[in-house]
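Student:
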Amino acid sequence: AIERTFSIIKPDAVRRNLIGKILTKFEEAGLRPIALKKIHMTRAQAEGFYAVHKERPFFGELVEQMIASPVVVQVLEGEGAILKNREIMGATNPANAAEGTIRKEFALSVGENSVHGSDAPETAAQEIKYFFTDEELVG
Ligand code: CMP
Numbered sequence: 002a003i004e005r006t007f008s009i010i011k012p013d014a015v016r017r018n019l020i021g022k023i024l025t026k027f028e029e030a031g032l033r034p035i036a037l038k039k040i041h042m043t044r045a046q047a048e049g050f051y052a053v054h055k056e057r058p059f060f061g062e063l064v065e066q067m068i069a070s071p072v073v074v075q076v077l078e079g080e081g082a083i084l085k086n087r088e089i090m091g092a093t094n095p096a097n098a099a100e101g102t103i104r105k106e107f108a109l110s111v112g113e114n115s116v117h118g119s120d121a122p123e124t125a126a127q128e129i130k131y132f133f134t135d136e137e138l139v140g
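Going by full-length UniProt numbering, 20 is the number at position 19 of the sequence shown; the sequence numbering is gapless.
Right, dumping it as structure tokens:
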């Protein structure tokens with residue numbers, strides 16, 4: 002089925018001028034960005050977005066990294082978009098990421114891992130709504 006998923010090009014990748022190379026990976030795999038914007042997340046936005054991780058030992062560092070500099074938030078649409086996005090990204094820890102994936106190619110560490118992607122339909126819907134209005138989705 003045609004799905005929509007939420008994706009972030011994280012600060013480490015934006016700082017290294019990798020927006021285009023990362024978008025190319027998604028587009029070449031058949032995912033279409035139907036909404037995208039560059040934003041500098043506030044602390045409140047980052048803490049709310051990652052609230053599910055707030056008890057984890059890496060939460061503080063995660064928030065600091067996400068608000069250190071701008072990101073690109075986007076909605077990707079396509080056949081099986083949620084799983085496909087996760088395949089294109091590769092494993093969370095770049096040390097475990099498969100050849101050809103974004104994280105294998107570009108990520109610096111598990112924290113600075115260049116991209117975020119929704120892990121399931123419910124989180125995709127929730128994460129899209131967190132950053133975009135319905136009017137902004139122009140698929
Ligand atoms: P992301 O998909 O954005 O969701 C939570 C993020 O926490 C994850 O990617 C990683 O960048 C970051 N993170 C930092 N340390 C860890 C860890 N030990 N395990 C999982 N995620 C981590």
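Think of the CB as a built atom: it goes at the ideal place given N, C-alpha and C, for glycine as much as any other residue.
Rounded to whole angstroms, how far is the Cβ of residue 66 from the Cβ of residue 12, which I believe are closer than 8 Å?
Tutor: Contact flag correct, Cβ pair sits at about 6 Å.
Student: Taking only three categories from DSSP, how would you classify residue 87?
Tutor: helix
Student: Less than 7 Å between the CB of residue 102 and some heavy atom of the ligand CMP, yes or no?
Tutor: no
Student: Are the CB atoms of residue 78 and residue 33 within a distance shorter than 8 Å?
Tutor: yes
Student: Around the C-beta of residue 1, are 16 or more other C-beta atoms found within 10 angstroms, so that it is buried, or is it exposed?
Tutor: Nothing about residue 1 can be read from this structure; the chain reaches only from 2 to 140.
Student: Taking 5 Å as the limit, tell me which residues put their C-beta closer than that to any heavy atom of the ligand CMP, in chain order.
Tutor: 59, 63, 111, 112, 114 and 117
Student: Find out if the Cβ-Cβ distance for the pair residue 71, residue 22 is shorter than 8 Å.
Tutor: no
Student: Could you give the distance in angstroms between the alpha-carbon of residue 55 and the alpha-carbon of residue 116?
Tutor: CA-CA distance, residue 55 to residue 116, rounds to 19 Å.
Student: My guess is that residue 6 and residue 125 are in contact by the Cβ rule of under 8 Å, so how many angstroms apart are they, rounded?
Tutor: Going by Cβ atoms, the distance from residue 6 to residue 125 rounds to 5 Å, so yes, they are a contact pair.
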